[in-house]
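Visitor:
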Amino acid sequence: MFTVKAFIQNSCHEYLTTHQVVCFAIIKRIYRRVLAGYRFGSIKVNNDELVTDGNHRYIAYKLAGIAINTVKSGCSFSDIRRSFKDIKIDTIEDWDYNCPYNRKYCNDDFLSDFEKIN
1 MFTVKAFIQN
11 SCHEYLTTHQ
21 VVCFAIIKRI
31 YRRVLAGYRF
41 GSIKVNNDEL
51 VTDGNHRYIA
61 YKLAGIAINT
71 VKSGCSFSDI
81 RRSFKDIKID
91 TIEDWDYNCP
101 YNRKYCNDDF
111 LSDFEKIN
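Numbered by the UniProt record's numbering, the letters in the sequence shown go through residues 1 to 118 in order.
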């Protein structure tokens with residue numbers, strides 16, 4: 001059976017991450033919306049190697065087979081570089097739902113603000 005974890009572990013990654021854990025529910029929503037034609041902006045990458053913002057988007061776009069744009073970003077000296085292959089996936093909690101500000105991303109009402117590719 002295909003899993004996101006297996007996909008991450010068996011794929012080549014052009015970047016490293018600062019994350020130890022990502023949220024499955026967020027990846028799943030972004031993936032579904034990207035396949036429907038929505039685009040959500042660039043990820044931030046430091047020195048062409050470290051994703052500093054956009055880890056969930058990076059995984060969802062890669063899973064969908066769609067290239068994602070990058071913009072240059074700084075990072076903190078305390079940021080620990082990790083391989084995406086070592087990342088854990090939280091399948092229990094929905095991080096967007098648990099954050100009052102981000103809860104709006106749990107449904108598709110906000111999508112009218114984003115570009116849709118046909």
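Each residue gets a CB set at the ideal place from its N, CA and C atoms; glycine is no exception. Given the structure is predicted, the values throughout are model-derived calculations rather than measurements.
With 16 as the cutoff for other CB atoms within 10 Å, does Ile-81 come out buried or exposed?
Guide: The count along the sequence shown starts at 1 and reaches residue 81 at position 81. Ile is not the amino acid found at residue 81; the sequence shown has Arg there. By the 10 Å Cβ count, Arg-81 comes out exposed.
Visitor: Jot down the residue ranges of each uninterrupted beta strand (DSSP E) in the region 25-96, minimum 3 residues, whole runs only, in chain order.
Guide: Runs of the beta strand (DSSP E) inside the region 25-96: 43-46, 50-53, 70-72, 88-90.
Visitor: Inspect the beta-carbon positions of Val-22 and Ile-117 and report whether they are closer than 7 angstroms.
Guide: Along the sequence shown, one-based indexing puts residue 22 at 22. Along the sequence shown, one-based indexing puts residue 117 at 117. Their beta carbons are not under 7 angstroms apart, which means Val-22 does not touch Ile-117 by this criterion.
Visitor: Exposed or buried, Ile-27, counting other C-beta atoms within 10 Å across all chains shown (16 or more means buried)?
Guide: For the purposes of this step, residue 27 is taken as residue 27 along the sequence shown, with counting starting at 1. Buried is the call here.
Visitor: Between the C-alpha atoms of Asp-8 and His-56, what's the straight-line distance to the nearest angstrom?
Guide: One-based indexing of the sequence shown puts residue 8 at position 8. One-based indexing of the sequence shown puts residue 56 at position 56. The residue asked about is misnamed: residue 8 is Ile in this sequence, not Asp. Cα-Cα distance, rounded: 12 angstroms.
Visitor: Does Asn-33 pass the burial test, meaning 16 or more other C-beta atoms within 10 Å, or should it be called exposed?
Guide: By one-based count along the sequence shown, residue 33 stands at place 33. Note that residue 33 is Arg in the sequence shown here, rather than Asn. Buried, since its Cβ has 16 or more Cβ neighbours within 10 Å.
Visitor: May I ask you to report which of helix, strand or coil DSSP gives Cys-23?
Guide: Looking up residue 23 in the sequence shown gives position 23. In the structure shown, Cys-23 sits in a strand (DSSP, three-state: E or B).
Visitor: Alpha carbon to alpha carbon, how far is Tyr-105 from Phe-77?
Guide: Reading the sequence shown from its first residue, position 105 is the one you call residue 105. Reading the sequence shown from its first residue, position 77 is the one you call residue 77. If you take the alpha carbons of Tyr-105 and Phe-77, they lie about 31 angstroms apart.
Visitor: Mind checking whether Leu-111 and Tyr-58 have CB atoms under 7 angstroms apart?
Guide: For the purposes of this step, residue 111 is taken as the residue at position 111 of the sequence shown. For the purposes of this step, residue 58 is taken as the residue at position 58 of the sequence shown. The answer is no: Cβ separation not under 7 angstroms.
Visitor: In terms of residue numbering, what span does the alpha helix (DSSP H) encompassing Phe-114 cover?
Guide: By one-based count along the sequence shown, residue 114 stands at place 114. Looking at the DSSP string, Phe-114 is not in any alpha helix (DSSP H), and its letter there is neither H nor E.
Visitor: Buried or exposed: which applies to Asp-86, given that a residue is buried once 16 or more other Cβ atoms fall within 10 Å of its Cβ?
Guide: Looking up residue 86 in the sequence shown gives position 86. It counts as exposed.
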